[in-house]
Structure formats: C-alpha cells, structure tokens
Amino acid sequence: MSRLDSKAPSGPMAERWTRHKFDLKLINPANRRKFHLIVVGTGLAGSSAAASLAEMGYRVTALCIQDSPRRAHSIAAQGGINAAKNYPNDGDSVHRLFYDTVKGGDFRARESNVHRLAEVSTRIIDHCVAQGVPFAREYGGLLANRSFGGAQVSRTFYARGQTGQQLLLGAYSALERQVGAGRVKLLARREMLDLVVVDGVARGIVARNLVTGEYERHAGDAVLLCTGGYGNVFYLSTNAKACNVTASWRAHKRGAFFANPCFTQIHPTCIPVSGEHQSKLTLMSESLRNDGRVWVPLKSGDKRAPGEIPDSERDYYLERKYPSFGNLVPRDVASRSAKEQCDAKKGVGESGMAVYLDFRDAIARDSEDAVRARYGNLFQMYERITGENPYKVPMRIYPAVHYTMGGLWVDYNLESTIPGLFVLGEANFSDHGANRLGASALMQGLADGYFVVPATIAAHLAGRKLGPVTTDHAAFAEAESSAKERITKILGVQGKRSADSIHRELGLVMWNQCGMARDRAGLGQALEKIRALRSEFWENVRVPGDSKDFNQTLEHAGRVADFLEFAELLALDAQQREESCGGHFRTEHQTPDGEAQRDDEKFAHVSAFEYQGQAQAPKLHQEPLTFEIVHPSTRSYK
Amino acid sequence: MNAPTHQKGMRITLRVWRQSGPQAAGAFETHVLESVSPDMSFLEMLDVLNESLVGTGKSPISFDHDCREGICGACSLVIDGQAHGPDAETTTCQLHMRRYREGATITVEPFRANAFPVVRDLVVDRSAFDRIIAAGGFVSVNTGSAPEANGLPVPKPAADEAMDNAACIGCGACVAACPNASAMLFVAAKVSHLKLLPQGAPERESRVLAMVDAMDREGFGNCTNHYECGAACPKGIPVASIARMNREFLRASLTSTPPRAANSDA
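If you read the sequences in order, they're chains A and B. In the numbering used here, each residue's number is its place in the first sequence (first place is 1) plus 17. In the numbering used here, each residue's number is its place in the second sequence (first place is 1) plus 8.
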C-alpha cells in the first residue's frame with residue numbers, strides 16, 4: 018500500500034462526505050470516556066476540536082503556549098468567514114464555494130476535502146450564532162454578508178473587523194465550558210517539544226511547562242496538532258510572535274510527512290516596515306481593497322507628496338492590468354504586482370517599498386463618515402502605527418507573509434502519516450492548495466475542529482487495537498531526554514549572538530530568495546545561507562539564564578533552532594517545484610505577460626517529504642491530484 | 009493623533025520592575041536607551057533593550073506579548089502609573105515611542121492585583137479570568153445541535169451593543185487600574201454580551217450568579233464607582249455595563265431558584 022493513501026472517497030462528489038461518515042466506525046457514548054485525546058494548540062481548530070470531542074464524551078487534555086487559550090493567533094483574523102448560505106440570493110451554493118476554492122488554490126488541493134469544507138461551512142455559521150457570536154446584522158435582524166477578497170458573491174460573515182476574535186471567543190467559551198465541567202484538562206503556558214510514538218502509533222507528547230521549566234509527559238490514545246502555520250520562518254510576518262513550527266517539525270522528525278512547505282501566502286495589504294527594530298508586520302483587512310484604489314506614480318523616482326501627483330501621472334496598475342477584477346484580484350496577484358512596481362523603482366514612502374492605497378475617491382463618493390463606518394477601526398490602527406491620517410493621505414501598503422498553505426500531510430480523515438496523529442487547521446496542508454482565498458482560514462479551522470475530526474477520529478480509535486500505554490514507557494523517556502538534551506545544548510553554546518538576531522537574518526534570506534518571487538539560483542544560495550546560519554546558531558548563540566525557570570529567551574531560541582531546520586525543507590520544495598502556482602512564483606515559469614505558469618503535466622500533485630535524518634536529504638513522495646469536477650484552467654482575472 | 013515631532017533617536021530612561029519569581033522581592037532597575045526611534049512600538053523598545061541585555065550576558069526583562077496588533081490581550085504593563093500607558097483605547101503593543109519626548113523617564117510595572125500574581129518581572133498570571141469564564145461565560149450549546157442561523161432574528165441595535173461588549177480582549181487592564189482590583193468590567197462585558205442576545209437568554213440568571221460567584225472566589229475586589237476601568241480599557245468597554253451586570257445580578261438573585269453552577273449540565 019502506498020504510504021500516501023488519501024482515503025478520499027469516490028462516487029458523486031456531493032455525497033462523499035455523507036457516505037464516508039456513514040462508513041466510519043462509531044464509538045458508543047459510554048465507551049468514549051475510555052479514550053484520552055491530547056489536543057495541542059487552542060486556536061480555532063484546537064479549541065473547537067477539544068470542546069466538541071469533550072461534549073461527545075471523550076476525555077481531553079488541551080495545551081496552549083499562551084497564558085490563556087483565548088490568545089491564540091486566530092484571534093487576529095479580521096475580515097470574515099465564508100459560508101455557502103446564499104442569504105443574499107446572488108447565486109452562491111456549496112458547489113460554487115467548492116469551485117471557487119479549488120480554482121483559487123490554483124488546482125493544487127484535493128477536491129474531496131474542499132467539497133467537504135464547502136458543505137460544512139453553513140453549519141459553522143449556525144453553530145457560532147447559537148454560541149452568541151455577534152455577527153453583523155441587517156436592520157431586519159438577519160445576518161449581514163459582504164463580498165470579500167474578490168469573490169463574485171457575498172458569502173462572507175463578519176463581526177466588525179474582529180471576526181477571528183469573536184469566533185475564537187466562541188470556541189474558547191465552549192472549551193472553558195468543558196473545562197468547568199471537568200471533561201477537559203487545560204494546561205496553559207506549555208510548549209510541545211516532542212511527539213511520542215509507540216509501536217508506530219502516536220501515543221503522547223512531551224511538553225515543557227514554560228513557567229517552571231519542568232518537562233511533562235502526556236499519554237493518550239490520539240494526538241491532535243492544532244498548532245498553526247510556520248509564517249514566522251520569515252521572521253517578519255503578520256503572525257503573532259509565539260507562532261512557530263516546533264510541534265509540526267518535531268512530529269515530522271518522528272515520521273509525519275510535510276506537504277507543500279513552499280506554498281506560503283503573502284498578503285498584499287500590510288503596513289510597511291518602518292525600521293530595523295521592526296518586530297512584526299501588521300495586516301489590514303483586504304476588505305480595504307473594496308473601496309481603496311491602489312496606485313504608484315507613473316514616473317519612477319517621483320518623490321512628490323501623493324496629493325501633488327495629478328491623476329494623469331498616477332498608475333492605477335491593478336485596474337489597468339486586470340480590468341474586470343481591478344483592485345480585487347486575489348492576494349497572490351496583488352502582492353506580486355506591488356513587488357513589480359517597487360522593483361521598477363516606483364515604490365513610495367521613505368523606503369520605496371510601498372504602494373498607495375487611496376480612499377480619496379471613496380470619500381468623495383460616499384462621504385468620510387461612510388468610509389469611517391466601514392473601516393474606522395482599521396484607519397485608526399493605521400494611524401496609530403504610522404502617525405499618518407489615512408482620511409487625508411493615502412495609506413502606504415506592502416505585502417507581508419500572512420498564511421502558510423503547506424503543512425503536515427493528512428488524509429481525508431485529517432490523519433497524518435503517523436497513525437493516531439491528527440493535524441487540523443493551518444497546521445495541515447489540505448484545503449487551500451497553492452493559494453488561500455480570503456475568509457477561508459477561519460472556515461477551515463472551525464470545519465476541522467467542529468465537524469470533521471469529531472467524526473473521523475473514530476476511524477482510528479475504533480479501527481485500531483490500542484493497548485494501554487503509560488508515561489513510564491521507554492518511548493516517553495527517550496523523547497523527554499532528547500528534548501532535554503537539545504535545550505541543554507542550546508544553553509551550553511554560550512556564544513556571542515542572540516537567537517533573535519539569527520532569526521532576523523534567516524528571515525531576510527527567506528524573504529529575499531524564497532518570498533514573492535523565487536528562482537533556481539536564488540534558492541540554491543538560500544539553501545547555502547540557511548545551512549551556514551544553522552551552524553552559526555549552534556556555534557555562536559547566546560541564551561542567558563537556565564532551563565529551570567520562566568525563560569522567554571530560551572523558548573524563542575528553541576523555536577529558532579527548528580525554523581533553521583525547517584527553512585531548508587521549504588527552500589528545497591520551492592526548488593523542486595519547477596512551475597509557478599498560487600503563492601509559489603518561480604520567475605523561470607511565467608507567461609509572456611508575467612503571469613504564473615502552472616505545469617499540470619508534471620506538478621499536479623502534492624509534494625510530501627519524509628524525514629531521513631539530519632544529514633540526509635528528505636525523501637520526496639507524491640500524491641497525485643485528480644480533478645473530476647473542476648477542470649484545471651488558467652486563472653485569469655483580466 | 010498629534011504626534012510631537014522628533015529627530016531620530018531619543019534618549020529614554022526606563023525604570024523597570026524586576027522580580028525573579030512570585031515569592032521573590034521585586035525592585036526597580038534603571039536602564040538608559042540612547043537612540044530610541046519614534047517609530048518603535050513600546051514593546052519594540054523593550055526588545056531593543058533586551059537584545060542589549062542578552063549581548064552583555066544579563067537577564068532580559070520578561071514581559072507578555074504575542075499578536076502585537078492590539079487584539080490578543082497578552083500585553084499588559086503599567087506605564088507611568090497607567091495600565092497600557094497614556095493613550096486612550098490603546099494596548100501597550102500599539103503604543104508608539106513618538107508619544108514620548110527626548111530625555112523622558114518612563115516607569116514600567118506589572119499589572120498589580122492579588123488575583124494576578126507576578127510570574128516574573130512584568131509577567132502576571134491572569135488565569136483567574138479563564139476560571140470566571142469556565143464558571144458561566146458561555147451559551148450551553150453542543151456542536152451539531154444549532155438551529156439555522158437566520159431562524160432567530162436579532163435586532164441590529166442589540167447585536168451592535170452585544171458586539172461592543174464582546175470586544176473585550178481579557179487583558180486585565182480594568183483590574184490593574186481599579187483601586188480595588190475589581191474585575192467587574194471584565195465580568196460585566198461578558199454578562200452584557202450574552203444577555204443582549206436571545207441566544208443567551210435561557211441561562212441569563214444562572215450565568216450572572218455563577219460568574220459573580222467565581223469572581224468573588226478569585227479574590228477580586230468590588231466596584232466603588234471610580235471608573236478607572238473604563239478609562240484604562242483598550243477596547244472602550246462601556247462602564248454602564250457594570251450597572252447592567254448589577255441589575256442582572258439583583259434580578260437573578262430575586263427571581264431565580266437557588267443558584268446552581270451554570271456548569272453543571274451533562
């Protein structure tokens with residue numbers, strides 16, 4: 018049997034999930050309490066999974082890296098959540114959401130998974146409303162929708178500019194309800210440092226208590242990784258500072274395949290870098306592109322203030338290049354176009370690494386108050402960070418790393434190549450292909466946690482014979498001592514450089530050579546630099562303090578060490594994928610007018626890497642992708 | 009925002025609270041930063057200080073932070089006596105150094121409250137808030153059982169007011185600002201959010217009783233109408249919500265059957 022059996026069902030697309038659920042084994046309610054599940058991470062995917070599984074009767078231990086599950090980075094998602102409700106009567110349907118997502122992902126996602134996502138989307142909204150999520154409403158009291166990220170229908174539900182916050186607080190309250198009921202044991206300020214595999218099955222984890230420094234062993238019948246994406250490999254990203262690849266990477270080293278690591282998403286509307294002190298980038302919802310017009314001066318090097326540049330000397334380049342989508346082209350296209358303009362020395366602001374997003378016309382058309390009602394909080398945030406008033410002066414924006422479509426490989430049940438290890442949300446690779454559509458991340462995290470894994474986990478729990486495993490097992494001792502050894506080694510280097518400075522340097526390499534545009538030679542150089550930085554880390558890092566204490570510098574250093582290993586895999590994947598698709602743009606593979614050129618003959622597959630040890634190149638496996646319903650075509654937004 | 013104009017590179021003196029653990033005695037430590045960019049956020053300024061501390065083998069200052077865009081609620085800090093610093097409706101991570109003048113001395117302390125013990129330096133333990141939510145800050149609805157979302161219209165003004173309260177980020181500034189270290193604004197925000205929506209109605213009484221009970225057990229003080237909480241709140245949660253919570257509590261105390269933990273269902 019191939020190790021990459023997607024277990025995707027066959028038969029009519031619209032019936033697959035229903036049939037699959039019927040075919041799955043069930044565990045009777047009285048028996049569920051016999052199973053102990055370990056959920057790592059409490060963002061949308063983790064909180065919703067932990068709560069739902071506990072409601073069903075499973076015993077759950079949930080761990081989070083923050084001081085409270087409510088702070089997971091899902092909280093920062095602004096724009097909204099898609100669902101095929103078709104309330105606006107504008108032609109949406111499950112099929113259309115499915116179609117748009119497969120196409121938007123540039124034909125690199127698994128059709129069966131995407132269809133399931135579109136199907137369960139409507140129930141997510143029902144559930145969140147029942148939890149008390151205060152979605153925006155119309156005057157008649159019914160739910161409001163908006164069009165988002167270039168969708169031709171209005172299918173996005175939102176709660177002001179804080180949709181992620183409200184959905185996470187909904188999932189968090191459900192989780193806390195189960196904590197109060199004694200069905201979930203919640204452990205905050207814990208970091209997973211290794212996965213424990215016993216007889217080929219994931220049976221637990223080793224974690225570190227970040228307050229006391231103690232190592233903890235947690236044994237269970239399944240492990241669910243809901244640990245988010247790896248965008249911080251670029252150092253500067255819109256991710257929160259604690260976002261990291263450690264849990265995924267350690268699982269990878271224990272046998273979980275890593276899929277499509279080169280599929281990273283660069284978001285077009287972020288606040289530009291202001292200086293070397295910059296610690297993270299702030300995204301502004303792309304809903305701004307509904308009313309803002311993107312432009313640069315027609316002449317390169319034009320240093321006049323934006324208000325002094327007449328319309329005839331402005332280049333509204335998105336409207337010019339993509340007349341039918343204009344400013345609403347998908348994220349990858351908008352980001353790449355901004356980079357092209359800046360590379361052509363038409364960028365604006367002090368650094369020249371920004372383009373204008375101008376609300377002048379919207380304010381003239383609809384009034385400043387109308388614009389404030391729509392985007393007030395975003396304008397306020399922009400002004401706080403930049404000190405400029407966007408009602409008077411156009412915003413300056415630049416793309417930033419925002420989301421990672423790649424992740425641990427999972428089958429249709431969301432199970433990785435290690436039996437018993439499930440991966441949910443951004444941490445898995447499954448639904449967005451090479452490019453994620455706006456307002457689809459929240460949908461996927463909650464679909465996985467509320468509706469998919471509660472059904473599919475039974476395939477593992479009831480389908481395999483799971484003998485009792487306790488934390489005395491030798492595999493726990495081995496995992497714990499390897500985690501300890503690594504930390505002792507980091508503390509022992511006692512060199513001259515901070516982990517943060519090495520992380521920054523890694524970020525620059527990744528951004529410049531593995532970011533919005535990539536080529537073979539640049540990726541080769543990146544690989545060399547990553548290896549050199551990794552040596553630099555292990556020879557010259559300096560981490561003060563010790564491991565028996567609350568030591569944030571040590572935590573960060575451990576994560577940087579893993580990013581330095583993972584970065585190489587990302588660059589290798591980008592090098593071997595000799596095509597351009599979605600967020601992966603190889604300059605060698607573009608059409609004469611500069612658009613991404615896919616190679617469906619050679620690359621209509623998932624690239625999944627198997628770890629072969631530190632000194633060995635990873636082994637590449639392929640899961641072929643077949644498109645039965647949505648036939649691959651060239652994405653065109655012209 | 010009327011930012012005072014600066015040349016690049018301010019000299020800033022920081023008096024920072026250092027405390028090695030919950031039981032240890034703490035003290036202020038003084039650091040001088042020579043060239044602080046006005047474009048830095050307050051936390052980036054601390055990053056720069058920490059880099060230099062690491063460079064000289066000293067122990068960096070611990071502080072909580074995560075999203076750095078004002079929504080996760082992780083960052084805290086009392087800056088010159090004000091929770092989250094001097095700007096209205098601004099978390100510490102969104103406070104920028106252009107707010108300060110060349111030569112300024114800034115005092116930085118942790119959020120102080122009995123219910124928020126210090127973990128280290130500027131980091132405090134706010135898990136009491138999670139326990140209050142676990143006591144009743146939810147609607148008891150199991151996954152899969154929800155009715156169609158548009159089956160129950162919610163008047164827009166009610167939904168908007170619920171959202172005003174739901175915007176709470178659970179940072180604890182209200183507690184830090186209150187002379188009594190009361191958590192009533194935090195609890196009132198959740199009680200109000202769910203009370204204003206029809207979905208919250210079935211547990212209206214049990215919720216407020218259970219949450220207030222949990223709040224008292226955690227050792228938070230009571231409200232004596234100083235309104236410092238509202239002034240410090242980075243999300244502008246209205247203090248009128250406290251009055252609503254008090255009404256709800258009184259109503260529930262008078263009308264409901266003896267209190268039971270909201271969290272006693274199966």
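For glycine and all other residues, C-beta sits at the position ideal for the given N, C-alpha and C. Predicted, not measured: the structure shown is a model, and the values here were computed from it.
Under 7 Å by beta carbon: chain B residues contacting residue i
| i | result |
| --- | --- |
| MET297(A) | For the record, residue 297(A) in the displayed sequence is Lys; it is not Met. Chain B residues near LYS297(A): ARG76. |
| ILE92(A) | CYS75, ILE79, CYS80 |
| TRP176(A) | Correcting the residue identity first, residue 176(A) is Ala in this sequence and not Trp. Simply MET171. |
| GLY292(A) | SER45, ASP47 |
Contacts that residue i makes with chain A (C-beta to C-beta distance below 8 Å)
| i | result |
| --- | --- |
| PRO118(B) | Those do not exist, as PRO118(B) stays about 13 Å from chain A at its closest Cβ, beyond 8 Å. |
| GLN207(B) | VAL146, ALA147, GLN148, GLY149 |
| ARG134(B) | ASP84, SER85 |
| SER67(B) | PRO561, GLY562 |
Of the residues the options, the one placed nearest residue i, counting alpha carbons only
| i | options | result |
| --- | --- | --- |
| ALA32(B) | SER49(B), ARG128(B), GLU226(B), ASN230(B) | ARG128(B) |
| ALA82(B) | MET30(A), ARG206(A), PRO26(A) | ARG206(A) |
| PHE36(B) | SER43(B), LEU258(B), THR21(B) | THR21(B) |
| ALA456(A) | ALA588(A), ARG87(A), PRO347(A), ILE507(A) | PRO347(A) |
| VAL560(A) | PHE602(A), HIS601(A), THR505(A), GLY611(A) | THR505(A) |
| ALA491(A) | GLY166(A), GLN592(A), SER91(A), VAL213(A) | VAL213(A) |
| ALA369(A) | GLN358(A), HIS269(A), ARG377(A) | The identity of residue 369(A) in the sequence shown is Gly, whereas the question assumes Ala. Here the closest residue by C-alpha is GLN358(A). |
| THR100(B) | ALA112(B), ARG120(B), ALA123(B), ASP72(B) | ASP72(B) |
| ILE222(A) | ASN106(A), MET301(A), GLU553(A), LEU54(A) | LEU54(A) |
| VAL245(A) | HIS419(A), GLY484(A), LYS619(A) | Rather than Val, the amino acid found at residue 245(A) in this sequence is Gly. Ranking HIS419(A), GLY484(A), LYS619(A) by Cα distance to GLY245(A) puts HIS419(A) first. |
| ILE250(B) | LEU262(B), ILE79(B), HIS234(B) | HIS234(B) |
| VAL132(B) | GLY227(B), ASN122(B), TYR108(B) | ASN122(B) |
| PRO86(A) | ARG50(A), ALA188(A), PRO29(A) | ALA188(A) |
Contacts of residue i in chain A (Cβ-Cβ under 7 Å)
| i | result |
| --- | --- |
| ASN150(B) | GLU72 |
| ASN158(B) | TYR104, LEU159, LEU160 |
| PRO163(B) | GLY158 |
| THR98(B) | ARG401 |
| ALA167(B) | PRO151, ARG154 |
Neighbour list for residue i in chain B, Cβ cutoff strictly below 8 Å
| i | result |
| --- | --- |
| GLU193(A) | ASP138, ILE141, ALA142, GLY145, PHE146 |
| ALA205(A) | SER135, ASP138 |
| LEU186(A) | ALA174 |
| THR570(A) | ASN58, VAL62, PRO68 |
Under 9 Å by beta carbon: chain B residues contacting residue i
| i | result |
| --- | --- |
| ILE402(A) | ASP47, SER49, GLU77, GLN102, HIS104 |
| GLN182(A) | ILE79, CYS80, ALA174, ALA175, ILE177 |
Whole-angstrom C-beta distance between residue j and residue i, which should lie under 8 Å
| i | j | result |
| --- | --- | --- |
| LEU463(A) | SER65(A) | 5 Å |
| LEU581(A) | ARG551(A) | 4 Å |
| TYR247(A) | THR434(A) | About 18 Å; that fails the 8 Å criterion. |
| GLN634(A) | PHE446(A) | Residue identity check: residue 634(A) is Ala in the sequence provided, not Gln. In fact, because the Cβ distance is near 20 Å, the residues do not count as touching under 8 Å. |
| GLU605(A) | ASP536(A) | 6 Å |
| GLY424(A) | GLY60(A) | GLY424(A) to GLY60(A), Cβ: 13 Å. No contact. |
| ALA355(A) | PRO416(A) | 6 Å |
Chain A residues whose Cβ lies nearer than 9 Å to that of residue i
| i | result |
| --- | --- |
| THR21(B) | Within chain A, no residue comes near THR21(B); the closest Cβ sits about 18 Å away, beyond 9 Å. |
| PRO155(B) | ASP143, VAL146, ALA147 |
| ASP55(B) | HIS294, SER296, ASP517 |
Within chain D, the residues that residue i reaches when beta carbons sit closer than 8 Å
| i | result |
| --- | --- |
| GLU52(B) | Among the protein chains in the structure shown, which are A and B, there is no chain D. |
*Listed from N- to C-terminal order along the chain, which residues in the segment 223-237 of chain A have their beta-carbon within a distance smaller than 7 Å of any beta-carbon of chain B?*
For the segment 223-237 of chain A, the residues whose beta carbon sits under 7 Å from a beta carbon of chain B are, in order, VAL228.
*Would you list, in chain order, the members of the segment 542-568 of chain A that have their beta-carbon closer than 7 Å to a beta-carbon of chain B?*
Those would be ARG559, PRO561, GLY562, PHE567, in chain order.
*State whether the segment 331-343 of chain A contacts the segment 353-367 of chain A, with contact taken as three or more CB pairs (one from each stretch) at a distance under 8 Å.*
Touching, yes.
*Quick one: which residues of the segment 420-433 of chain A get their C-beta closer than 8 Å to a C-beta of chain B? List them in chain order.*
Identification of residues in the segment 420-433 of chain A having a C-beta nearer than 8 Å to some C-beta of chain B yields an empty set.
_Under 9 Å, CB to CB, which of the residues in the segment 250-271 of chain A have a partner in chain B?_
Within the segment 250-271 of chain A, the qualifying residues are THR255, ASN256, ALA257, LYS258, ALA259, CYS260.
*Any residues in the segment 128-146 of chain A with a beta carbon nearer than 7 Å to a beta carbon of chain B? Which ones, in chain order?*
Listed in sequence order: ILE142, ASP143, HIS144, VAL146.
_Please list, in chain order, the residues of the segment 186-207 of chain B that have any C-beta partner in chain A closer than 9 Å._
Residues passing the 9 Å Cβ filter: LYS198, HIS201, LEU202, LEU204, LEU205, GLN207.
*With 8 Å as the C-beta to C-beta threshold (strictly closer), list the residues of the segment 111-127 of chain A near chain B in chain order.*
Those would be none; no residue qualifies.
_Proximal residues, the segment 462-475 of chain A versus chain B, C-beta separation under 8 Å_ = Those would be TYR467, PHE468, PRO471, in chain order.
_Selection of the segment 119-130 of chain B by Cβ proximity to chain A, strictly under 7 Å_ = Among the residues of the segment 119-130 of chain B, those with a Cβ less than 7 Å away from any Cβ of chain A are VAL127, ARG128, in the order of the chain.
*Does the count of Cβ pairs from the segment 265-272 of chain A and the segment 91-110 of chain B closer than 8 Å reach three?*
They do not touch, by the three-pair rule.
*Which residues, in order along the segment 21-43 of chain B, keep a beta-carbon less than 7 Å from a beta-carbon of chain A?*
Taking 7 Å as the Cβ-Cβ cut-off against chain A, none of the residues of the segment 21-43 of chain B qualify.
*Mind the definition here: the segment 471-491 of chain A touches the segment 187-206 of chain A only if three or more C-beta pairs lie below 8 Å; say whether that holds.*
Output reads no: the segment 187-206 of chain A does not touch the segment 471-491 of chain A.
*At least three beta-carbon pairs within less than 8 Å, the segment 106-124 of chain A to the segment 141-159 of chain A*: Short answer: they don't touch.
_Count Cβ pairs between the segment 458-472 of chain A and the segment 499-515 of chain A that sit closer than 8 Å; are there 3 or more?_
With a cut-off of 8 Å, the segment 499-515 of chain A and the segment 458-472 of chain A do not count as touching, because too few Cβ pairs lie within range.
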